[in-house]
Structure formats: C-alpha cells, structure tokens
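Student:
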Amino acid sequence: MDEINFNHIEKKWQKKWDEERTFSVNEKSKKKKFYCLEMFPYPSGSGIHMGHALNYTIGDIYARYKVMNGFNVLHPIGYDALGLPAENAAIKVGTHPEVYTKKSMKNFTLQLKALGLSYDWERLLDTSDPKYYKWDQWIFLKMLEDGLAYQKESAVNWCPLCNTVLANEQVTNNGTCWRHEKTKVEVRSLKQWFLKITDYADELLDKIDDLNWPERTKTMQKHWIGKSYGTEIDFLVNGEKWPVFTTRPDTIYGVTFVVVSPYHKDFLKLVTKEQNKEVDKFLKKLNSVSEKDTVDLEKEGVFTGSYAINPVTNEKVPIYLGNFVVADYGSGMVMAVPAHDKRDYEFAKKYGIKIKIVIDPIDFELNNKNIAEAYTGEGTLINSGEFNGVKNEVAKELITKYLSNKKFGKKSVQFRLKDWGISRQRYWGTPIPIIHCEKCGAVPVPVKDLPVKLPKEVEFGKGNPLLTNEKWINVKCPKCKSKAKREADTMDTFVNSSWYFLRYCDTNNEDEIFDKKKVEYWSPVDTYIGGAEHACMHLIYSRFYVKFLRDLGLLSFDEPAVRLFHQGLIHAEDGEKMSKSKGNVVDPLITSKKYGVDSLRLFLVSVASPDKDFDWSEKGIEGSFRFIKRVSGFFKDAKIGENSKELDFEINNSIKSVGEDVENFEYRKATIKLREIFELISKEKEVKKEVLENFLKLLSPFCPHLTEELWERLGNKTLLSTSKWPEFKEMKLKEKAKFDINSKIVEDVLKIIKKYEEKGKKIKKVYFYTVPFEFDKLNNEKLKKGIGKEVLIYSVKDEKKYDPENKAKKARPGMPAFYFE
RNA sequence: GUGGAUGUGCCGGAGUGGUCAAACGGGAGGGACUCAAGAUCCCUUAGCUUAUGCUUACCUAGGUUCGAAUCCUAGCAUCCACACCA
Numbered sequence: 001m002d003e004i005n006f007n008h009i010e011k012k013w014q015k016k017w018d019e020e021r022t023f024s025v026n027e028k029s030k031k032k033k034f035y036c037l038e039m040f041p042y043p044s045g046s047g048i049h050m051g052h053a054l055n056y057t058i059g060d061i062y063a064r065y066k067v068m069n070g071f072n073v074l075h076p077i078g079y080d081a082l083g084l085p086a087e088n089a090a091i092k093v094g095t096h097p098e099v100y101t102k103k104s105m106k107n108f109t110l111q112l113k114a115l116g117l118s119y120d121w122e123r124l125l126d127t128s129d130p131k132y133y134k135w136d137q138w139i140f141l142k143m144l145e146d147g148l149a150y151q152k153e154s155a156v157n158w159c160p161l162c163n164t165v166l167a168n169e170q171v172t173n174n175g176t177c178w179r180h181e182k183t184k185v186e187v188r189s190l191k192q193w194f195l196k197i198t199d200y201a202d203e204l205l206d207k208i209d210d211l212n213w214p215e216r217t218k219t220m221q222k223h224w225i226g227k228s229y230g231t232e233i234d235f236l237v238n239g240e241k242w243p244v245f246t247t248r249p250d251t252i253y254g255v256t257f258v259v260v261s262p263y264h265k266d267f268l269k270l271v272t273k274e275q276n277k278e279v280d281k282f283l284k285k286l287n288s289v290s291e292k293d294t295v296d297l298e299k300e301g302v303f304t305g306s307y308a309i310n311p312v313t314n315e316k317v318p319i320y321l322g323n324f325v326v327a328d329y330g331s332g333m334v335m336a337v338p339a340h341d342k343r344d345y346e347f348a349k350k351y352g353i354k355i356k357i358v359i360d361p362i363d364f365e366l367n368n369k370n371i372a373e374a375y376t377g378e379g380t381l382i383n384s385g386e387f388n389g390v391k392n393e394v395a396k397e398l399i400t401k402y403l404s405n406k407k408f409g410k411k412s413v414q415f416r417l418k419d420w421g422i423s424r425q426r427y428w429g430t431p432i433p434i435i436h437c438e439k440c441g442a443v444p445v446p447v448k449d450l451p452v453k454l455p456k457e458v459e460f461g462k463g464n465p466l467l468t469n470e471k472w473i474n475v476k477c478p479k480c481k482s483k484a485k486r487e488a489d490t491m492d493t494f495v496n497s498s499w500y501f502l503r504y505c506d507t508n509n510e511d512e513i514f515d516k517k518k519v520e521y522w523s524p525v526d527t528y529i530g531g532a533e534h535a536c537m538h539l540i541y542s543r544f545y546v547k548f549l550r551d552l553g554l555l556s557f558d559e560p561a562v563r564l565f566h567q568g569l570i571h572a573e574d575g576e577k578m579s580k581s582k583g584n585v586v587d588p589l590i591t592s593k594k595y596g597v598d599s600l601r602l603f604l605v606s607v608a609s610p611d612k613d614f615d616w617s618e619k620g621i622e623g624s625f626r627f628i629k630r631v632s633g634f635f636k637d638a639k640i641g642e643n644s645k646e647l648d649f650e651i652n653n654s655i656k657s658v659g660e661d662v663e664n665f666e667y668r669k670a671t672i673k674l675r676e677i678f679e680l681i682s683k684e685k686e687v688k689k690e691v692l693e694n695f696l697k698l699l700s701p702f703c704p705h706l707t708e709e710l711w712e713r714l715g716n717k718t719l720l721s722t723s724k725w726p727e728f729k730e731m732k733l734k735e736k737a738k739f740d741i742n743s744k745i746v747e748d749v750l751k752i753i754k755k756y757e758e759k760g761k762k763i764k765k766v767y768f769y770t771v772p773f774e775f776d777k778l779n780n781e782k783l784k785k786g787i788g789k790e791v792l793i794y795s796v797k798d799e800k801k802y803d804p805e806n807k808a809k810k811a812r813p814g815m816p817a818f819y820f821e
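Heads up: the first sequence begins at 1 in the working numbering, then just goes up one per residue.
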C-alpha cells in the first residue's frame, strides 16, 4: 500500500461525494427520515472560523452516523446573508452589500466543502435572494391580515451626527454612539412595525417543558417570557382611572407614592405647570433606550405635581416620574411600597418620601420608625384596616377580590415578553411590503407584486439608505392609485432565520413558501445544533413562527426542533477569546492543511465534551494527528487473518458504546473508546477483515476521508459513508464457569500464608470478613480443608466479630478481608 | 441580586456506592532505534517503600454506610445566563 497523502485523499473523496451526490436526499426514500440541522452561518468576509468548524463538525458526525444507521438524512446548509454587519463592512470597503455578501458566500462554500461536511448542496439557501425573502414578506402580510403585525410609536436610539437610528449594540456603555464617542445618543420616538409574539406567550411558555432541550436554555426562555400573576389596580388621578400592575396587592395599604415611566405615552397629562421645568430637566438627562447601562443606574425621578388616590385607603399619594420603571411592562406605572420593595425603598429614601410598614414578619420585629432596608418576605398584615392579622399570601386573594367587587381592580397576568419590533432603518434586510398612501394609510403590497426587491442603487451613510432611491420609494397606492411611498424600513434579520429550516425542505420552490407535503415529511428538525447565545431570541422567534404557520394551516406540528444541542466556545491557546486584534486566531483551513481535516475534526470533538468550552491546543491537535497517522500506518501493513477472541469481544462492545456516545453527543467518550479499541487491534498479529472494517465504520463519522480511503484499499467498491453501521451482538467473552468463590480464596490466602510463614510467623487461625451479600457463599468446610487452618467467617456488618486490627474494611466483593492469628 | 452549572492527579478530563492511587489524551522523566536530531515505539509518572504493606489523596467541614470521588447537609470557590418586569 502507498503512503497516504491526507490533502490528496481529502480532495479525492470530497469530489467523489460531490459527483455521486452521496448526501443528496429526497422524500421518496423508504427509510425513516432524520433532519439534522446546524444553525446557518452569517457569511462574513473573513471566512469561517474555528467556532464554525466545531459547530459543523458536531452536526456532521451526527448526520453521518444517522446515514450509516439507515436513516434518510436531511442535512442542509445555507447563509443568513442579510444583516447589519454586511452593510457596515460593505460601506467600509466601499462596495455594495450584495457584492460583498455574494463573495463571502462563495468563499464560505469552498471552505465548508473543504471540511468534508456531508451537506445536500442542492438545497443551499441564501436569505438575501429575493426568491427567499419574498416569503418573509408573504408571512408578514399573512400576519398583517391576522392582526399580528401592527405599527406603533416606539423609542429608538438616535445619533444626531449619523442622522440615523442605532441598534442597541451600537450604543456604547457610556450612552454614546459607536462611531462618535463624544456624541450622546438621544431617544426618539418612531413609528415602527411590531409582530405580536405576545399572542403566543402562553403557548410558548407551556410547551417549553415538552422540549428535549438543554435545561438552562429552557429556563432562560421561561425567564424571557416571564409570566407573573398579580393584580391590576386602578388609582384615580383627577377623576380618571390609571391602572397599575402589582404582584403584591397585599401591600396596598403601604403605598406612599406612585411612579410612572418617562416613556409612558400619556405621562404628560400628569405633569402640572409648576413642575414642567423640573420634569423637562429630568427628561433631558435620560439616556438611550439601550438596556446595557441601566444595570447600575441610580434611581432617579421627579415629582409630576399630580396625586393619585389609593382605591382602598382613599389616601392621596404623589405621582413621580421615575427612570426605573419599564414603560412597556404592565401599564408603565407602578404603585410604590417602600417598606416592602427594594427599589421603592431606595427611591423613597432619596426623595424623603414616607415609609409605611404593612407586613409584619413572623420571626422578628421590624423597627417601626426606621427600617434599614425593605422587607420583602412573608408575614402578617398590620396597619391595613380590616385586613389586619391576615397572612399576606391570603391577603393577596382577599384584597384582589375586594378591589374587583368595587370595580377598582382585577386579577391579571403579565408577561415580560414584549412584542417583537422588527423595523430596522437599514438597507440590507427584507423590505417591509407596505405602501404608505396619503389617503389610505398603510396599504399592504398585493401578494402578486411580491417580492418587493431591494433596489441596487442607494446611497449609504445618509440615514436610511432606501430613502435615497426616489424611483423606488415613490409608487402609486395599490388601492386608490394616488401618490404613495414605500415603507423604507427593512425587517430585523431574525425574521429570516425564524423559518429557514422549513424552507430547506423545499428550497427551490418558486410558487409557494414550501410544499406542505415535503415539510410534513422532513419536519420538525430532529437535532438542532448551535450556540447557546441564541437561547432566547432566535429560538423563541422560531417557535413563534412555527406556531403561526401552524395556525395558518401550513404545518401540523408545534415546535421547530425536537432536540437541541449547544456547542461550547473555543478559546485561544492562552485562554483568551480568539480575536484578530489579539492575534491569537487559529484558522481552521490552515490547520487542516497542516494536519489534515480528519485530524482537525477528531481533535475538535476529543478535547472536551462538545457542549463545554475549551482552549485550543496545538499539542492537542498533534496528538490527534499522531493517532490518525498510527491508524493509517497500521492499515498499510496489516495482516488479515484470525485474531483473538478478546478482540472480537471488545470490538463488539465498542460498536454499542461508540454508537451510544454519538447518539448522546458524547463524542469525547467515543473518541476515547476508538483509541482504546485501536490499541487492542494494533497489538494483534493478524486481524479479521471484518474487525478492521468495523473499526473503520466506527471511526468514519469522525474521520470520513481517511476511513473512506482505507475502506477502498481493503478492496471495497462501495462508499463507506453510506455503508451500514455494524451490528452489536450479545456476546460473552468466555463461558464463565460457575466457579466456586471458596477455591479462589483458598488459592490467594495460601500464597499469603506461605509468605508469612517464610518470615517465621506462625498461623493457627484465619478470620474472614466478607461483604454482607456474599456471606452465604463462603463455606467454612471448604475453606478449612483448603487452607488447613482453623477458619472463622464473619460478615463485615457483624458487630460481634473478632477483628483486633480492623481488617474488615478491606473487604471487597469477590475477595473477603482476612486476619491471621 | 435571581436562576443554572461545575469543583478529580502537573494539565485537559473519564469515573456517580465496593474490583479506584482513579480510564483516555497532553505534559514530564527514562529507554529502544539513529552518527545525531526529528518521527516512531516501549516503560515510568502521590509518598514511604517493595510490603497480603502503610500513609496521604477526587474543593472544605460534618454526616449516612461494614465500605464514599460517587449519597446527604452546610460552607467556600469558579464559570455562565438574566438583570430595576413592581
């Protein structure tokens, strides 16, 4: 056999898989389907990085394993091609985002193919293709029909120098623009499009428990949706009812003020003339809407001049404007109980507002006059009129009932989850298919006119680029034919990725979003692999989309992915994050040129469990390389013949355990077993062909090129990649003769006695201490006869046993402890 | 602050009641091959010591058990996510 040139055989087999369309699939197969999906990449200009290599290797191993196990495996790839980074990068290098993205995707495809990934390339997806985003627009129109897409005023970050809206990520921690370090970002209100994901809040929450997803991801989603039960209470302000939401109606007697958010749409009604100036000053101080800097923001506020009437006590309490109140949660207004809420306490202390204790802790006394912090625990009501002495949990119910009887409140459920704002004042996204008519208002673009394509000719750097193309912007109203303008905002790119996994089932369909039958066949995704950073946004939006499309009658399942797996992060060798500026980036392609793709793949999954973070290690990949070289070296001059029974037994065991490990994404364990079994194989003088082939099959998902080559060299004409995973057979190494434990003990003990007596010690009695469940198996007669001494047998559990040197603790199953005398 | 996860030898990490001084890999040391280096292969890698031994060891302190890296309780430490949601 010739020496193996890794780079050479990689090209050879990649070409073969490509030409033979080895991994192309359709719905006609009689096999069971399996949909293995990795999160598609955002095609950046710098090509793939190690994280991509890891993500796609993990998926590829799984997909290949499933193919060999007789499944019809859908394993597609595509590009999340639209998005702000491409637009920024294009502006930077002075080219058009489309040109930039096309080039990046081409490069990505070459690089992904070089990793030997088993994709069905005929399904390659590109979200920047109008043939794809046409259906983004179609879904949007369907949502609009169902009232799930709507417009409302919403706060955005505005940079006066850029003259444009900034994404939260573009606002620095100091509240300045990312490009203008000295310019404070302003908050502006703009009319924007929202998707009513909150309509699905309950279902999104309830179905989480059924998902086979990592627990932490599930808890994160639960938090994100954040359902809380409470009471809506109406406070009267100038004779008008203003509702607040609270989870603590039991503290209603302790309300000493009310706080309203500065982003509340009607808060100006509350501001009196006298307070106008103060309020203005406060509003100017407010930072961007970015939530980053709110972490340790001091609570600040200002008196509005108005008062609210507590519906239970009829007390008049001042209304403040406060920077800590979230506008779009509840009603954007809260009742403040400083004695029993940390935030309210802080605020009250700062502005000298009265603190009134209404909950009496069970275990200790609160200093009535001057408490040092808010008491948020359980207790009994005090200072609460007719509710005094009631346990606070009970009081929640009673007070809510009392309020609803008086028509001043009701039970209420609130979600943290907000409607999804999808408007982006950017170019490189899906155009929102809306035409604004002077007479008819916002008119949907008729379906027959879809897609609304992005015009090529736009200018960048002057606000929203789409506004710079007059020809594109100015159209006639589809309804009344009078003058109208196109919506110039584009959609958030998370829209594109919310349903792409469905499109893979029918990527090239030009007539409809997808063939229902095809999606029915392949979906849902069986294993979805990607970064944990998407736990909330992408993975919730996708769930929402699936539910919506289901309700449209297009799908018959509820959830996008049955099983989810997160890969870990790869750090550089120094433990730092890999980044260009630090110069510690390891390029997967350069690495695979040096050691071969198979080494890289093997190394990536053998350092740590794939869901754990790990540091890159050059030594580590050399270790994997060494293994691969040893395997290929061994096969070069392996003698085919009979091998030991032990090897037959062990390889059979490996079939089972490697399979189980892969199934559970415990690749690291699988690679360890592969090393162990190879160690055994390489020690044999001759090995059965079947054993060698089985070993190659087990290694194949990890190192597809090398194994394919060795498989061929063993004389096989078909592809290893599509061969059948070996079968595990129930097998016993040796018929374990029912051998008597006593004779083994006799044998061992005699040896030891011999040594003792050689040293001149005399032994008369032997005491045995056996593990309780073996007590019955020891036979005094047999032992006595065999050893030729007096024998006493105790269970280690026996409290009356004679054991002067405490030897009993040495007892093991199969071998009792003993003591000589 | 809230929630989650983790803590094993020089390092990465298996092991989830007895067969554990603890898999596998990396590192280190020694040896073989070589004029030499590299590659490759073999051995060793808690200490005392060579014993059927003992001691110290799986974050710390207790506990359960005949027996704990493994189970329980408390504490400490690290990592991750969320973060003023009333």
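Note that CB positions come from ideal geometry on N, CA and C, so glycine has one too.
Applying the criterion that 16 or more other CB atoms from any shown protein chain within 10 Å of the CB defines a buried residue, is Asp120 buried or exposed?
Tutor: By the 10 Å Cβ count, Asp120 comes out buried.
Student: Note down, in chain order, each residue of its chain lying with its Cβ closer than 6 Å to the Cβ of Trp135, except the 5 sequence neighbours on either side.
Tutor: Ile513
Student: Excluding sequence positions up to five away, which residues of its chain have a Cβ less than 8 Å from the Cβ of Ala114?
Tutor: Glu10, Gln14, Leu589, Ser592, Val597
Student: Going by DSSP, what residue range makes up the beta strand (DSSP E) through Arg486?
Tutor: Where Arg486 is concerned, the enclosing beta strand (DSSP E) stretches over 483-486.
Student: Would the beta-carbon of Ile435 fall within 8 Å of that of Pro478?
Tutor: Taking 8 Å as the Cβ cut-off, Ile435 and Pro478 qualify as a contacting pair.
Student: Could you check which residue in Leu381, Gly409, His264 has the C-alpha nearest to that of Pro311?
Tutor: Out of Leu381, Gly409, His264, the CA that lies nearest to the CA of Pro311 is found in Gly409.
Student: Need the endpoints of the alpha helix (DSSP H) that Phe695 sits in, please.
Tutor: Counting along the chain, the alpha helix (DSSP H) containing Phe695 begins and ends at 689-699.
Student: Assign Gly441 to one of two classes, buried (16 or more other C-beta atoms within 10 Å of its C-beta) or exposed (fewer than that).
Tutor: exposed
Student: Considering only residues of the segment 603-690, which uninterrupted alpha helix (DSSP H) runs meet the minimum length of 4 residues and lie entirely inside it, listed in chain order?
Tutor: Counting only runs of 4 or more, we get 618-636, 645-663, 667-683.
Student: Are there 16 or more other CB atoms within 10 angstroms of the CB of Thr507, so buried, or fewer, so exposed?
Tutor: buried
Student: Is the CB-CB distance between Gly530 and Glu38 below 8 Å?
Tutor: yes
Student: So, using beta-carbon positions, are Leu205 and Phe267 closer together than 8 Å?
Tutor: no
Student: Considering Cα atoms alone, identify which of Lys582, Leu161, Ala201 is closest to Arg543.
Tutor: Ala201
Student: Rounded to a whole number of angstroms, what is the C-alpha to C-alpha distance between Lys518 and Ser599?
Tutor: 37 Å
Student: Just checking, does the segment 696-715 make contact with the segment 666-674 on the three C-beta pairs under 8 Å criterion?
Tutor: yes
Student: Kindly list the residues whose CB is nearer than 7 Å to the CB of Lys577, restricted to its own chain and excluding five residues on each side of it in sequence; keep chain order.
Tutor: Residues His571 of the same chain have their beta carbon placed closer than 7 Å to that of Lys577, with the five preceding and five following residues left out of the count.
Student: From Val562 to Thr527, what does the alpha carbon distance come to, in whole angstroms?
Tutor: 6 Å
Student: Whose CA, out of Lys797, Tyr756, Asn806, Asn742, lies closest to the CA of Leu778?
Tutor: Asn742
Student: Tell me, which residues are paired with Ser412 by DSSP?
Tutor: Gly230
Student: Which runs of the beta strand (DSSP E) fall wholly inside the segment 113-168 and span at least 3 residues, in chain order?
Tutor: As far as the segment 113-168 is concerned, its whole beta strand (DSSP E) runs of at least 3 residues are 149-159, 164-166.
Student: Please identify the residue among Lys782, Leu283, Pro338 whose C-alpha is closest to the C-alpha of Tyr351.
Tutor: Pro338
Student: Looking only at its chain, what residues have a beta carbon closer than 8 Å to the beta carbon of Asn21, apart from the 5 residues adjacent to it on each side?
Tutor: The question names Asn, yet the displayed sequence has Arg at residue 21. For Arg21, where only same-chain residues beyond five positions count, the Cβ hits under 8 Å are Glu122.
Student: Among the residues of its own chain, which have a CB less than 6 Å from the CB of Leu569, if the five just before and after it don't count?
Tutor: The answer, listed in chain order, is Asp613.
Student: Rounding to the nearest angstrom, what Cα-Cα distance links Glu386 and Glu397 in this structure?
Tutor: 14 Å
Student: For Ser842 and Asp803, I'd like the C-alpha separation in whole angstroms.
Tutor: In the structure as shown, the chain begins at 1 and stops at 821. Residue 842 is therefore absent and cannot be evaluated.
Student: On the DSSP letters alone, give me the boundaries of the beta strand (DSSP E) that Phe303 sits inside.
Tutor: Where Phe303 is concerned, the enclosing beta strand (DSSP E) stretches over 301-309.
Student: First and last residue of the beta strand (DSSP E) that includes Thr770?
Tutor: 765-770
Student: With a CB to CB cut of under 7 Å and the five nearest residues on each side skipped, what residues in its chain are close to Arg601?
Tutor: Thr57, Phe702, Cys703
Student: Thinking C-alpha only, which one of Ala90, Lys448, Glu686, Lys281 is nearest Ile640?
Tutor: Glu686
Student: Between the beta-carbon of Arg343 and the beta-carbon of Lys284, is there less than 8 Å?
Tutor: no
Student: With respect to the beta strand (DSSP E) encompassing Phe71, which residues constitute its N-terminal and C-terminal limits?
Tutor: Start and end: 71-74.
Student: Given a cut-off of 8 Å, decide if Trp616 and Pro97 are closer than it, judged by their beta-carbon atoms.
Tutor: no
Student: CA-CA distance, Phe818 and Ser657?
Tutor: 38 Å
Student: Taking the C-alpha atoms as reference points, what is the distance between Asn276 and Ile319?
Tutor: 14 Å
Student: Using a Cβ distance threshold of 8 Å, determine whether the segment 76-84 contacts the segment 39-48, with at least three qualifying pairs required.
Tutor: yes
Student: Is Glu291 helix, strand or coil by DSSP?
Tutor: Its pLDDT being 46, under 50, Glu291 is placed unreliably by the model, and nothing is read from it.
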